[in-house]
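S.K.: Below is one structure. I have some questions about it.
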Amino acid sequence: MIEELLKALPIYLSCTLKFVVGPIAGYGVGLHIVTTILATVLGMMTSVVAFTFFGNWLRTKLLSRWLRNRKKFTTGNRRAIRVWQRFGLPGVAVLTPLLLTPIGGTLIAVSFGAPRDKILLYMFISASVFAVAMCYAVYEFGDYVMPWLEKLF
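Numbers 314 to 466, taken from this note's numbering, label the letters of the sequence shown in order.
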């Protein structure tokens, strides 16, 4: 039991930064699929909770010191606005595991003023669905893909 938790800890920590790493790393270290799903969801939700409640403070206190003369209309800002206008909070929650990081998706939602409870709900649903789907795909097809990847690299 302790050994399984110690294997899951790096998966959990890596999922706080990048969601996609969790299922692949969990499969690589030989974790049970349920443990990998839980570590992946908990890792993403740790970032989501932290940045939902402290995102505005971080943006106003810390980033304002380093980025004083920052342009307001950059390509990245315009892209975030376009995504928010087109898809709203559900769209950002769906894109977070796939394209964005948990931190990036949460900061976009917080910066556009989405309610905290909605952010937590949509991100949890998104993390759960994508963790199950991605873990299933990796665990189901990993044996077929790994020999090919080993030859490639």
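The beta carbon of each residue, even a glycine, is placed where N, CA and C say it ideally should be.
1) Around the Cβ of Met459, are there at least 16 other Cβ atoms within 10 angstroms (buried) or fewer (exposed)?
2) For the putative contact between Val361 and Met436, defined by C-beta atoms under 8 Å, what is the C-beta separation to the nearest angstrom?
3) The alpha helix (DSSP H) with Lys320 in it runs from where to where?
4) Who are the Cβ neighbours of Lys320 in its own chain at under 7 Å, not counting the five residues just before and after it?
5) Pull up the distance between the alpha-carbon of Leu351 and that of Asp430, whole angstroms please.
6) So, do the stretch 389–405 and the stretch 364–375 have three or more beta carbon pairs nearer to each other than 8 Å?
7) Rounded to a whole number of angstroms, what is the C-alpha to C-alpha distance between Ala417 and Thr409?
8) If you reduce the DSSP assignment to three classes, tell me which class Lys331 lands in.
9) Measure from the alpha carbon of Phe367 to the alpha carbon of each residue in Tyr457, Thr419, Gly455, then state which is nearest.
M.R.: In terms of the structure at hand:
1) exposed
2) 4 Å
3) 315–328
4) Val342, Leu344
5) 21 Å
6) no
7) Position check: residue 417 holds Gly in this sequence, whereas Ala was assumed. So the two alpha carbons sit approximately 8 Å from each other.
8) coil
9) Thr419
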